[in-house]
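The structure appears below as structure tokens.
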Amino acid sequence: MALPLSTWPWKNFGVFKYVLYGPLVARVLYTGNNSTTTTNLWCLHILIICALRGLVHQLWFSFSNMLFLTRKRRIIKQGVDFKQIDIEWDWDDFIMLQALLASIAFLSFPSLWGLPLWNLKGFVYAVVLHMGVSEPLYYCMHRFFHTDHFFKHYHSLHHSSSVPQSFTAGSATPLEHLMLFVVMGIPVLGANLMGSGSVALIYGYVLVFDFLRCMGHSNVEVLPYALFQAFPFLRFLIYTPTYHSLHHTEKDTNFCLFMPLYDALGNTLNKKTWELHKHISSVGDNRVPDFVFLAHVVDVISSMHAPYVIRSIASLPYTANLLLLPLWPCACLVMLVMWAYSKPFLHSFYNLRGFLFQTWAVPRYGFQYFLPFARKGINKQIEMAILRADKMGVKVLSLAALNKNESLNGGGTLFIEKHPDLRVRVVHGNTLTAAVILNELPKDVKEVFLTGSTSKLGRAIALYLCRKKIRVLMLTLSTERLQKIQKEAPLECQQYLVQVTKYQAAQNCKTWIVGKWITPREQGWAPPGTHFHQFVVPPIFRIRKDCTYGNLAAMTFPQDVQGLGNCEYTLERGVVHACHAGGVVHFLEGYTHHEVGAIDVDRIDVVWEAALKHGLRPA
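For what it's worth, UniProt numbering labels the leading residue of the sequence shown as 1, then goes sequentially.
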């Protein structure tokens, strides 16, 4: 049985916990219709402060996880995994708790209702009370929570997060946040009792308090070491993210709230603090990723599925979430900025068998790939990413779906021909994509219907299947392209490649492999019981209730992957598109060739076996 105040009372409420804000919202609405009850405007202030506190945490999280800005200043190098995200899922419970306590406090002290907007003396009193009372009080309480009994039952939750994040600051038990509320309340209440309170003081103190807490938990060093060299006394007045990260990793040092002075007085100052801060601030993390997956955004809404935007949403498979619609204008504005300042950027990383793998993204949206006048600019961005990876010393760079479009750059061939001396291996990963699709097919299949049959993947799938004596109905209007593919097949297998020009030809075939987007009407020609395998981006609509639909070709990473904390588009946790996995296998196997252009059909089984050997499994 859990000890008192070790779990949140609304733990099982889910999203319905936000109903607890209902009385405050109702009071605000009541106040809005009754001008005589102006004292109750504090309910509105409390709600605004809650929203701003959440925004502070979110902005710090977004900043610290924009690897294109912060990669070299990260303190703990590993990524945030799904386990930590789930632990910190309800990180904002403390805001709700303190909002309820604040509303009780304001109702209990009517003198707080008529506070002036501004009073400079109040800020001075609050600073003095914070430095002289709140800081030592927090220091003592924090050390108390590190005693065996209280750490086990109350404080271990906070330390269960291996990589500090701004949301980690809010991930703690109710007892801890009650104590924190007292620490925060002393300067504000004290200034008010001295007759110097103000609305600005309450807003300012609470938000600065949260800002500094989030900074300490950001895992990104933002304070330059030169500042402490120029003003040595500052190192005892303000902590750094490096300072606080040592508390999370070693637990028995650096207990202060914001002022290391009290650790120095209590002899709990970590001796490595300033040297580590100097190293991270001046040298930083110069590690180079071994593997890079060059992704792209599909549309404006899905761009908000990036891991540095809203972490909880990014940690789940992408869906058209209504909560994102109000943010659409912001995302659209960012899109325009990206067009103006286009540069490939990093947005996540993970660790597989000790190697650092990263995801980069080209600042282009899905619809742009189909605009003829945009192709040159898109290829320029991809080329820039390849050359940047080559200069850094990246070993393998894998291209996402539209970044290797045949009509765009010949499946990556354009870049290899233009830069024949590249050290980085450029990989489209389609060999493994073809292998995944082929291994999904029933073992007893005799006939398949293939759309997109003359594309890179379509050609490889058709040639592979005809070698297995499986009849392939290839939908294409180009007899010339079909005949070209037929000539690549062994003479005795060419008869299994059959050209069809209409969907009606597949009305008796229950195995469809979709490589070109098909409309609901075209799906209607499939007989009941058909299974739609697909390698088309975006996936086709799931219209038919009497048929089944496969996902895009994908593979599941082994369990020992570290730092994986976001879902790749619509895929489940720990699952990546086969082209992504194909690049991983290319690196793990140490292949020295570029995998661009046409797929080598003879390598399909080789790459498939290599993927299974390294623990990847079909999703």
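In this text, a Cβ means the ideal position worked out from N, Cα and C, and glycines have one as well.
Small disclaimer: the values here were computed from a predicted structure and weren't measured.
DSSP on Leu5, reduced to helix/strand/coil? By 1-based counting over the sequence shown, the position of residue 5 is 5. Residue state, collapsed to three classes: coil.
Taking the alpha-carbon positions, what's the Arg573 to Glu595 distance? Within the sequence shown, numbered from 1, the residue matching residue 573 stands at position 573. Within the sequence shown, numbered from 1, the residue matching residue 595 stands at position 595. The straight-line gap from Cα to Cα measures roughly 27 Å.
Is Pro550 helix, strand or coil when you go by DSSP? For the purposes of this step, residue 550 is taken as residue 550 along the sequence shown, with counting starting at 1. Pro is not the amino acid found at residue 550; the sequence shown has Gly there. Looking at Gly550 - three-state DSSP - the assignment turns out to be strand.
Where does Phe231 land, buried or exposed, given buried means 16+ other C-beta within 10 angstroms? The residue labelled residue 231 in the question sits at position 231 within the sequence shown. Counting Cβ neighbours within 10 Å, Phe231 comes out exposed, since fewer than 16 surround it.
Considering only their Cβ atoms, is the gap separating Glu589 from Ala610 smaller than 7 Å? Here the question's residue 610 lines up with position 610 in the sequence shown. Here the question's residue 589 lines up with position 589 in the sequence shown. Taking 7 Å as the Cβ cut-off, Ala610 and Glu589 qualify as a contacting pair.
For the pair the region 547-560 and the region 529-537, tell me if three or more CB-CB distances fall below 8 Å. Yes, since at least three Cβ pairs between the region 547-560 and the region 529-537 fall closer than 8 Å, the two stretches touch.
To the nearest angstrom, report how far apart Val7 and His586 are at their CA atoms. The residue you call residue 7 lines up with position 7 of the sequence shown. The residue you call residue 586 lines up with position 586 of the sequence shown. Note on identity: in this sequence residue 7 is Thr, with Val being the wrong assignment. Distance from the CA atom of Thr7 to the CA atom of His586, rounded to whole angstroms, is 47 Å.
Excluding the 5 residues preceding and the 5 following Val436 in the sequence, name in chain order all residues of the same chain whose CB lies nearer than 6 Å to its CB. For the purposes of this step, residue 436 is taken as residue 436 along the sequence shown, with counting starting at 1. Ala553, Ala578, Pro618, listed in sequence order.
Go ahead and pull the three-state DSSP assignment for Ser62. Along the sequence shown, read from residue 1 onward, the residue named residue 62 stands at position 62. Ser62 falls in the helix class under three-state DSSP.
Taking the straight line between their C-alpha atoms, what separation do you get for Arg471 and Leu482? Taking the sequence shown and counting its residues from 1, one reaches residue 471 at position 471. Taking the sequence shown and counting its residues from 1, one reaches residue 482 at position 482. Approximately 14 Å between the Cα atoms of the pair.
Near Pro136, what residues of its chain come up, given a Cβ to Cβ distance below 7 Å and the 5 sequence neighbours on each side ignored? Counted from its first residue, the sequence shown places residue 136 at position 136. Excluding sequence neighbours, Pro136 sits near Tyr262.
Out of Lys391, Val163, Ile310, point me to the one whose CA is closest to Asp290's CA. Here residue 290 corresponds to residue number 290 of the sequence shown, with the count starting at 1. Residue Lys391 is the option with its Cα nearest to Asp290.
Could you tell me if the beta carbon of Gly583 falls within a distance shorter than 6 Å of some heavy atom in the ligand FAD? The ligand content of the structure shown is nil, which means the ligand FAD is not present either.
If you compare alpha carbons, which of Leu465, Pro23, Ile238 is closest to Phe211? Here residue 211 corresponds to residue number 211 of the sequence shown, with the count starting at 1. Checked all of Leu465, Pro23, Ile238; the closest Cα to Phe211 is Ile238.
What would DSSP say about Met474, mapped onto helix, strand or coil? Along the sequence shown, one-based indexing puts residue 474 at 474. Strand, per DSSP.
Within the continuous beta strand (DSSP E) that includes Ile513, where are the two ends? For the purposes of this step, residue 513 is taken as residue 513 along the sequence shown, with counting starting at 1. Segment 511-514, the beta strand (DSSP E) holding Ile513.
Euclidean distance between Cα positions of Ser35 and Ile48: Taking the sequence shown and counting its residues from 1, one reaches residue 35 at position 35. Taking the sequence shown and counting its residues from 1, one reaches residue 48 at position 48. Its pLDDT being 48, under 50, Ser35 is placed unreliably in this model, and the coordinates cannot settle the point.
Check whether the region 365-372 touches the region 293-306, counting contact only when three or more Cβ pairs, one atom from each stretch, lie closer than 8 Å. Contact holds: three or more Cβ-Cβ distances are below 8 Å.
Under the three-state DSSP convention, the category His594 falls into: Position 594 of the sequence shown, counting from 1, holds the residue named residue 594. Here His594 sits in coil by DSSP.
Look at the Cβ atom of Leu346, then the Cβ atom of Leu67, and state whether they are nearer than 7 Å. What you label residue 346 is simply residue 346 of the sequence shown in a count that begins at 1. What you label residue 67 is simply residue 67 of the sequence shown in a count that begins at 1. Yes; because the gap between Cβ atoms is below 7 Å, this pair is in contact.
Which residue or residues does DSSP assign as beta-bridge partners of Leu346? Numbered from 1 along the sequence shown, position 346 holds the residue referred to as residue 346. Answer is Trp360, bridged to Leu346.
To the nearest whole angstrom, what separates the beta carbons of Ala598 and Lys456, a pair I think is in contact under 8 Å? The count along the sequence shown starts at 1 and reaches residue 598 at position 598. The count along the sequence shown starts at 1 and reaches residue 456 at position 456. Ala598 to Lys456, Cβ: 6 Å. Contact.
Check whether the region 241-252 and the region 153-164 touch, using three or more Cβ-Cβ pairs below 8 Å as the test. Verdict: yes, contact present.
Jot down the residue ranges of each uninterrupted alpha helix (DSSP H) in the region 515-588, minimum 4 residues, whole runs only, in chain order. List check, alpha helix (DSSP H) in window: 520-523, 578-588.
Based on the DSSP output, what are the partners of Asn351 in its beta bridges? The count along the sequence shown starts at 1 and reaches residue 351 at position 351. Answer is Leu356, Gln562.
DSSP three-state assignment for Ala295, whether helix, strand or coil: Within the sequence shown, the letter at position 295 stands for residue 295. In this structure, Ala295 counts as strand in the three-state DSSP scheme.
Just to confirm my understanding: we take Cys43, look at its own chain, exclude 5 residues before and 5 after, and list those with CB closer than 6 Å. What are they? Taking the first residue of the sequence shown as position 1, residue 43 is located at position 43. Within the same chain, Cys43 has close Cβ partners Leu24, Arg27, Val28.
When burial is assigned at 16 or more other CB atoms within 10 Å of the CB, is Pro307 buried or exposed? By one-based count along the sequence shown, residue 307 stands at place 307. Pro307 counts as buried, since no fewer than 16 other beta carbons sit within 10 angstroms of its beta carbon.
Suppose you measure from the CA of Arg53 to the CA of Ala99; what does that come to, to the nearest Å? Start at 1 with the first residue of the sequence shown, and residue 53 comes out as number 53. Start at 1 with the first residue of the sequence shown, and residue 99 comes out as number 99. Cα-Cα distance, rounded: 11 Å.
Out of curiosity, what's the CA-to-CA distance linking His57 and Lys17? As a position in the sequence shown, residue 57 is number 57, starting the count at 1. As a position in the sequence shown, residue 17 is number 17, starting the count at 1. In a straight line, the C-alpha of His57 is about 19 Å away from that of Lys17.
Could you check how far apart the C-beta atoms of Val183 and Tyr138 are, in whole angstroms? I think they sit under 8 Å. Residue numbering aside, residue 183 sits at position 183 when the sequence shown is read from its first letter. Residue numbering aside, residue 138 sits at position 138 when the sequence shown is read from its first letter. Between the beta-carbon of Val183 and that of Tyr138 there is about 5 Å, and that keeps the pair under the 8 Å contact cut.
Are the region 112-121 and the region 189-200 touching, with three or more C-beta to C-beta distances below 8 Å? Yes: at least three Cβ pairs fall under 8 Å.
I'd like the span of the alpha helix (DSSP H) that includes Leu120, first residue to last. Taking the sequence shown and counting its residues from 1, the one referred to as residue 120 is at position 120. Leu120 -> alpha helix (DSSP H) spans 120-129.
Cβ separation of Asp81 and Gly170, assumed to be a contact under 8 Å, to the nearest whole Å: Here the question's residue 81 lines up with position 81 in the sequence shown. Here the question's residue 170 lines up with position 170 in the sequence shown. 18 Å between Cβ atoms; not a contact.
Which runs of the beta strand (DSSP E) fall wholly inside the region 224-308 and span at least 3 residues, in chain order? 291-296
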